[in-house]
Amino acid sequence: MFKVKFLAAVSLSCTVIIVVSIFVFSTNKQGDTQLVEFTTPFVFGRFQIPKDNPLTVESVKLGRRLFYDPILSKNNKVACANCHKQSLAFTDGLALSVGVSGKPLSFNSMSLVNLMWGPKHFFWDGRANSLENQALQPIEHVDEMGSNLDDLTEELSEIKAYQTLFEQAYGELNAVSIAKALANFQRTLISSNSPYDQFLRGEISLSPQEEFGRKLFMAHPDTKVSLRGGNCIDCHSQFLTSGFSSFFDGFSNNGLDDDENLAEGLFGVTKLEAHRGLFKAPTLRNIAVTAPYMHDGRFKTLEEVLAHYNSGIKRSKTLSPLIIEADNLADSQSQHISLNLAPHEVVAIISFLHTLTDESFLTNKAFSDPFKTGEPND
Amino acid sequence: MNKVTLILLVGTILIQLGCTDVKESTSATSTVSPIDTEKNIEESQAIVLLSGLPTLGTKDSIAIIEMDPESANFGNILYDYPLPKFDAPLHHLYYSPNGRLYATGLGSECSLAEIDLVRNAQAEPVITKVECLDTQGQSVGEDIMWHSVNGKLHMFVTFMGGTDLSQVDAGSVGVFDPQTNKVLKIIEARKSQVGEGKPYIMYPHGISAYEDRMVVTSTVHPNLADGIGNVVTVIDLNSFEPIENIVTEDAKPVGFPSSPVEVLFVRPSIVEGVEPAVLVNTMFGFETWKIPYDAKSKVFAEPEKLYDGATAGTGVPLEFYGNDTELFISHAIPGLVKRYDLKSLPDLVPSGEDIKTELGAHHMIFYSSASGRKLIAVQNNLLNLGDAKDNDPTDVDFIAKVNDHSLTVHDLTTGERLGMINFKDKYQKGIDNIEALFGSGFTHHH
C-alpha cells in the first residue's frame with residue numbers, strides 16, 4: 610500500500626451496518642432514556658458530545674420540536690426550519706435567507722449535516738464555538754427570529770407540551786436548555802448513505818464518469834508526475850467532504866474577491882489580518898440540492914462554482930496558497946490563477962458531486978417536522 | 375530439505391547474530407511542543423492482531439491499544455474483539471485506499487478477510503463483523519497491495535500456499551475486484567509446471583508495483599520445511615503473467631536459499647525524480663538488494679547487493695516502512711530498525727543511528743505523543759511461535775529468539791526507548807501485526 614494517508618479520520622465504513630443513525634433505546638438508572646446505540650462510518654472520525662449535554666432521546670425529541678416551531682421567533686412565523694428545509698439538506702434555496710425583518714440576511718443558509726465532525730466553529734465566519742452557542746444566535750438576531758430569550762422562555766413555559774418535554778429532557782426550562790436541545794437534534798442529522806458512502810463500503814461501483822470525477826476531486830494537481838486534479842480535497846476532506854477540524858484549518862479564502870472587496874469572514878472573530886476573507890469550507894454532502902453556493906449565495910449552479918475554481922479566482926493577500934499553486938498546466942506563464950481543467954473534467958467532478966446526495970437523509974422521518982407527522986408531544 | 379536441519383542451522387546462526395554488538399545510539403534531545411488540546415486522542419492508538427498462545431489458554435482477537443507512553447492507559451487494551459477459531463491466525467492488517475480494513479490469514483479457512491469497523495454512539499471504534507472472503511482456494515495470505523492497472527484499481531494479494539498447499543512449489547497472487555472482493559484472476563505459475571527456465575511464482579510474500587510491472591518475492595513454503603525461494607518474480611500487469619525471475623542471492627550465510635521477503639518498488643511517487651528500482655530484503659540471506667529498472671525499456675538490470683547483514687551483524691531483514699524523509703528497515707536479529715535518507719533512494723544512505731528494539735523487530739507504526747513527541751513503535755515478533763519449555767506445540771526453533779512478543783516505543787528523533795508492552799507477559803497472547811488506528815502513519819509499505 611502506498612501513499613494511503615488517513616490523517617484526520619480514517620478507516621472504514623461497514624458493509625452491512627448502515628448508516629444513518631440507528632437508534633436503540635434503553636433506560637438508565639435515573640429514568641432518562643439514553644441513546645445507547647447508533648453507528649457511524651469509522652472513516653468519519655471521532656466525535657465529541659459535551660458531557661453536560663448527553664445525547665438523550667428526550668433532548669433530541671425536544672430539539673426537533675423546537676427546530677420546527679415558529680414560536681421561537683418574535684412574530685411566531687419563522688422557525689429554524691424556514692431557512693433549513695430537510696428536502697434541501699437543511700438549506701433554503703435562497704442566496705441570502707430572510708427572517709422576521711424581511712431583510713436579506715448577510716449569509717447563505719448553511720446545510721445542517723454531520724455537524725459532529727469537521728470544523729468546530731460554526732456559521733460561515735466561525736462566530737460560534739459550539740453547537741449550543743450557535744443555537745441561540747439566530748433566535749436572538751433581530752433580522753432572523755428577533756426573539757428575546759426571557760420572553761421566549763416564558764412563552765414556552767405556558768405550553769403544557771413543552772413543560773413536559775423540558776422537564777423530561779433537562780429538568781428545567783431556560784435558555785440554556787433550549788440551546789442544548791437544538792444542538793442535540795442537530796447532532797443527530799447524520800448523512801452517511803449517499804451513493805458515495807455505498808461506494809466506500811463496497812456496495813456499489815461508481816459510473817466511469819463519477820469515478821473519474823472522484824479521482825479528480827481527491828487529487829491536488831501535480832504536473833511533474835502528470836497527475837491531474839480538481840484540488841477539492843485540499844479543503845474538503847476525503848470522507849466527510851467538509852473542512853478540516855483542527856483549529857481554524859477548516860476556513861479558507863477561496864478567491865471569491867480581491868483585496869478591495871474582501872469580506873471580513875473569520876477576521877470578524879479572531880481579529881487577525883491573516884483571517885480576513887476566510888470562510889468556512891462547508892461539507893459537500895448533498896451539495897447538489899443546496900444551491901445557491903458560497904457564503905453569499907453568489908453562484909446559482911455547480912457549473913458556476915467549477916467555473917470559479919477553474920478560471921475565476923481573484924487574488925488577495927489571504928488567498929489560499931493551495932489554490933494559487935494548483936494548476937493542471939505545466940509551466941503556465943499566465944499570472945491568472947486557474948486550475949485549467951478540461952470541460953470533460955469539470956463535468957466529471959460535478960457528476961461525482963451528485964453521488965453525495967443522500968436521499969435517505971433528505972427523507973428520514975426522524976429529522977422531519979413533528980407537527981406535520983402528527984407525532985405525540987409527550 | 376530436512377526440516378530439523380533447517381531449524382537447527384538457522385536457529386544457531388540467528389542466535390549467534392543476535393549476540394553481535396550493535397552500536398549504542400547516542401542520546402539526543404528531541405523537541406517537544408506544548409500539548410495540543412485539540413489533538414485527536416486516537417492518533418496514538420493502534421489496532422493489533424493478537425494470537426492466543428496454546429499453552430496459556432488464550433484466544434485470537436483484534437484489539438485496539440493505547441500506544442502513547444505519556445498516557446495513563448499506555449499498553450492497555452481499549453477494545454477487544456474475539457475472533458472465531460481458524461486453522462491459523464490472521465496475519466496482516468491493511469487499510470484500503472477507501473478506508474476498508476482487511477486482514478490476511480496464515481491458514482486456509484480464512485486467508486483473507488474484511489473487517490467491519492464502525493463507531494458507536496460513544497464515538498468508540500467497534501468491530502461488527504469479520505467476513506472471510508472467498509479466495510477460490512488460495513491459502514496462507516500474506517501481503518495486500520492496491521494498484522491501478524490501465525486506470526482501474528485492483529486489489530492484489532500474495533498467497534504463499536497458492537491453491538494447493540500440499541505442493542512443494544505452491545503459491546499464487548490473487549487479483550480481486552476492490553469493490554466486491556471477488557476474485558478476478560489467480561496468477562499461478564508453479565515451477566514444476568512452467569517448464570525449465572520459464573518464470574515462475576513460488577511462495578509469494580512481498581509485493582510492490584510501478585506502472586505495469588509488479589514484483590513479488592519467493593520466500594519460504596508455509597510449512598517451513600518443503601522449500602525456500604531465492605528469486606523476485608516480475609509480473610506483467612498487462613497480461614497478468616510472470617515474465618521474469620531475478621535471483622537475489624549471494625553468500626548464503628545460513629546455507630539456505632536467500633528467501634526474499636519484503637520488496638519495495640522505489641518510484642517517483644515516493645522520491646521525486648528517482649530512477650526506479652526494486653529494493654529486496656532477503657530473510658535468510660540477511661541482505662538488502664537493489665534491482666535497477668529502466669521504465670522506458672522496461673528492463674530490470676542485474677541486482678546489486680546494498681547491505682550485507684552477515685558482515686554487519688544483523689539477520690532476518692524484514693519490512694520497509696517510510697515517512698516523508700526516511701526509509702526504515704527492520705532486522706529481526708538482533709532486533710533493530712535501520713534508517714535511511716529517503717531522497718537518496720534507491721541507495722541506502724544512513725540517516726541516523728539504529729533504533730534498538732528487541733529480537734524479532736518486524737512491523738512498525740509512526741505517530742506522536744500527547745506532548746507532540748514523534749514516536750515509532752516496533753513489533754518485535756516474527757511469528758507467534760511458542761516455547762518448547764512451555765510444552766507449546768507451535769515451538770519451532772527455526773525462528774529462534776525472534777518472538778519477543780513485544781512492542782517497543784521509541785522517540786523517532788533519538789531512538790530512545792520510551793516504553794515497552796510485552797503481550798505474552800501482560801495478556802498471555804502474542805502479537806501478529808500492528809497498524810495505526812488511523813491507518814498508515816507511514817507511506818511506503820509496498
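From first to last, the protein sequence lines stand for chains A and B.
Just so we're aligned, residue 610 is where the first sequence starts under the working numbering, counting upward by one.
Just so we're aligned, residue 375 is where the second sequence starts under the working numbering, counting upward by one.
By construction, the Cβ of each residue, glycine as well, lies at the ideal position given by its N, Cα and C atoms.
Are residue 452(B) and residue 444(B) closer than 8 Å when you measure CB to CB?
Position 78 of the second sequence, counted from the first residue, corresponds to residue 452(B). Position 70 of the second sequence, counted from the first residue, corresponds to residue 444(B). No, Cβ-Cβ distance for residue 452(B) and residue 444(B) is not below 8 Å.
Out of 421(B), 783(B), 699(B), 582(B), which has the shortest C-alpha to C-alpha gap to residue 723(B)?
Along the second sequence, read from residue 1 onward, the residue named residue 723(B) stands at position 349. Out of 421(B), 783(B), 699(B), 582(B), 699(B) has the C-alpha closest to the C-alpha of residue 723(B).
Can you check whether the C-beta of residue 493(B) is within less than 8 Å of a C-beta belonging to chain A?
In the second sequence, residue 493(B) corresponds to position 119, counting from 1. Chain A, which has a Cβ nearer than 8 Å to the Cβ of residue 493(B), makes this yes.
Taking only three categories from DSSP, how would you classify residue 748(A)?
Within the first sequence, residue 748(A) is the residue found at index 139, counting from 1. DSSP places residue 748(A) in the helix class (H, G or I) of the three-state scheme.
Return the CA-CA distance between residue 543(B) and residue 693(B), expressed in angstroms with no decimal places.
Sequence index remark: in the second sequence, residue 543(B) carries index 169 (1-based). Sequence index remark: in the second sequence, residue 693(B) carries index 319 (1-based). Rounded to whole angstroms, residue 543(B) to residue 693(B) spans 24 Å at the Cα level.
Spell out whether any CB of chain A is found under 8 Å from the CB atom of residue 345(B).
Missing from the structure shown is residue 345(B); chain B here goes from 375 to 820 and no further.
Could you tell me which of 740(A), 813(A), 811(A), 661(A) sits nearest to residue 778(A), measuring between CA atoms?
The count along the first sequence starts at 1 and reaches residue 778(A) at position 169. Checked all of 740(A), 813(A), 811(A), 661(A); the closest Cα to residue 778(A) is 661(A).
Supposed contact pair residue 637(B) and residue 648(B) - C-beta distance, whole angstroms, cut 8 Å
For this step, residue 648(B) is matched to residue 274 along the second sequence. For this step, residue 637(B) is matched to residue 263 along the second sequence. That belief does not hold up - the Cβ atoms of residue 648(B) and residue 637(B) are roughly 16 Å apart, past 8 Å.
Distance between residue 663(A) and residue 425(B) (C-alpha atoms, nearest Å)
In the second sequence, residue 425(B) corresponds to position 51, counting from 1. In the first sequence, residue 663(A) corresponds to position 54, counting from 1. Straight-line Cα distance between these residues: approximately 37 Å.
Buried versus exposed call for residue 488(B) [16 or more other C-beta atoms within 10 Å across all chains shown]:
Taking the second sequence and counting its residues from 1, the one referred to as residue 488(B) is at position 114. Flag for residue 488(B) reads buried.
Could you tell me if the beta carbon of residue 944(A) falls within a distance shorter than 7 Å of some heavy atom in the ligand ATP?
Summarising the ligand content, the structure contains no ligands, and the ligand ATP is consequently not present.
Enclosing alpha helix (DSSP H) for residue 844(A) [first to last residue]:
For this step, residue 844(A) is matched to residue 235 along the first sequence. No alpha helix (DSSP H) holds residue 844(A); DSSP gives it neither H nor E.
Residues that residue 814(A) contacts on chain B, provided the C-beta gap is smaller than 7 Å
One-based indexing of the first sequence puts residue 814(A) at position 205. Against chain B, a Cβ distance below 7 Å from residue 814(A) picks out 553.
What are the residues in the region 645-660 of chain A lying within 9 Å of chain B by C-beta distance?
For the region 645-660 of chain A, which is checked against every Cβ of chain B, the residues closer than 9 Å are 645, 646, 647, 648, 649, 650, 651, 652, 653, 654, 655, 656, 657, 658.
Hey, which unbroken runs of the alpha helix (DSSP H) at 4 residues or more fall wholly within the region 839-889 of chain A?
876-879
Counting only beta-carbon separations shorter than 8 Å, does residue 833(A) have a partner in chain B?
Locating residue 833(A) in the first sequence gives position 224, counting from the first residue. By this cut-off, residue 833(A) is an interface position.
Integer Cβ distance of residue 731(B) from residue 746(B), believed to fall under 8 Å:
Counting from one through the second sequence, the residue named residue 731(B) turns up at place 357. Counting from one through the second sequence, the residue named residue 746(B) turns up at place 372. Actually they do not touch by this definition, with Cβ atoms about 23 Å apart.
Mind checking if residue 635(A) is an interface residue toward chain B, Cβ cutoff 8 Å exclusive?
Along the first sequence, read from residue 1 onward, the residue named residue 635(A) stands at position 26. Low confidence applies here, because residue 635(A) scores a pLDDT of 37, under 50, leaving its location unreliable and the question unanswered by this model.
Who does residue 749(B) pair with in a DSSP beta bridge?
One-based indexing of the second sequence puts residue 749(B) at position 375. Answer by DSSP bridge pairing, in chain order: 741(B), 785(B).
Assigned exposure category for residue 673(B) - 16 Cβ within 10 Å defines buried
Indexing the second sequence from 1 puts residue 673(B) at position 299. The residue is exposed, with fewer than 16 neighbouring Cβ atoms inside 10 Å.
Min CB distance residue 416(B) to chain A below 8 Å
Along the second sequence, one-based indexing puts residue 416(B) at 42. Chain A contact via Cβ: present.
Classification of residue 944(A) by the beta-carbon crowding that lies within 10 angstroms, buried from 16 upward:
Taking the first sequence and counting its residues from 1, one reaches residue 944(A) at position 335. Answer is exposed; the Cβ neighbour count stays below 16.
Below 8 Å, how does it come out for the region 750-767 of chain A and the region 920-927 of chain A: are there three or more Cβ pairs, yes or no?
no
Return no unless some Cβ of chain A is closer than 8 Å to the Cβ of residue 806(B).
Here residue 806(B) corresponds to residue number 432 of the second sequence, with the count starting at 1. It does not: the Cβ of residue 806(B) has no partner Cβ on chain A nearer than 8 Å.
Apart from the five residues on each side of it in sequence, which residues of its chain come closer than 7 Å, Cβ to Cβ, to residue 826(A)?
The residue given as residue 826(A) occupies position 217 in the first sequence. Result list for residue 826(A): 839, 841, 842, 958, 961, in chain order.
Return no unless some Cβ of chain B is closer than 8 Å to the Cβ of residue 825(A).
Position 216 of the first sequence holds residue 825(A). No, no contact with chain B.
Of the residues 624(B), 508(B), 525(B), the one placed nearest residue 818(A), counting alpha carbons only
Counting from 1 along the first sequence, the entry for residue 818(A) is found at position 209. Minimum Cα distance to residue 818(A) is reached at 525(B).
Quick one: what's residue 455(B) bridged to in DSSP?
The sequence position of residue 455(B) within the second sequence is 81, counting from 1. In DSSP, residue 455(B) forms a bridge with 436(B).
Taking Cβ-Cβ distances shorter than 8 Å, what residues in chain B pair up with residue 908(A)?
Position 299 of the first sequence, counted from the start, is the residue given in the question as residue 908(A). Within 8 Å Cβ-Cβ: nothing; residue 908(A) doesn't reach chain B, min ~30 Å.
Are the C-beta atoms of residue 642(B) and some chain A residue less than 8 Å apart?
As a position in the second sequence, residue 642(B) is number 268, starting the count at 1. Answer yes: the Cβ-Cβ gap between residue 642(B) and chain A drops below 8 Å somewhere.
Mind checking the region 783-814 of chain A against chain B and listing, in chain order, the residues whose C-beta falls within less than 7 Å of any C-beta there?
Listed in sequence order: 809, 811, 814.
Contact residues within the region 838-850 of chain A, judged by C-beta distance below 9 Å to chain B:
Listed in chain order, the positions of the region 838-850 of chain A with a beta carbon within less than 9 Å of a beta carbon of chain B are 847, 848.
Determine the extent of the beta strand (DSSP E) in which residue 673(A) is found, giving its start and end residues.
Taking the first residue of the first sequence as position 1, residue 673(A) is located at position 64. Element bounds for residue 673(A): not the beta strand (DSSP E) but the alpha helix (DSSP H), 666-677.
For the region 472-483 of chain B, enumerate the residues whose C-beta is nearer than 8 Å to any C-beta of chain A, in chain order.
472, 473, 474, 475
Proximity test, Cβ basis, 8 Å: residue 646(B) and chain A
For the purposes of this step, residue 646(B) is taken as the residue at position 272 of the second sequence. True, the Cβ-Cβ gap to chain A drops below 8 Å.
List the endpoints of the continuous alpha helix (DSSP H) containing residue 785(A).
Counted from its first residue, the first sequence places residue 785(A) at position 176. Unbroken alpha helix (DSSP H) run through residue 785(A): 784-796.
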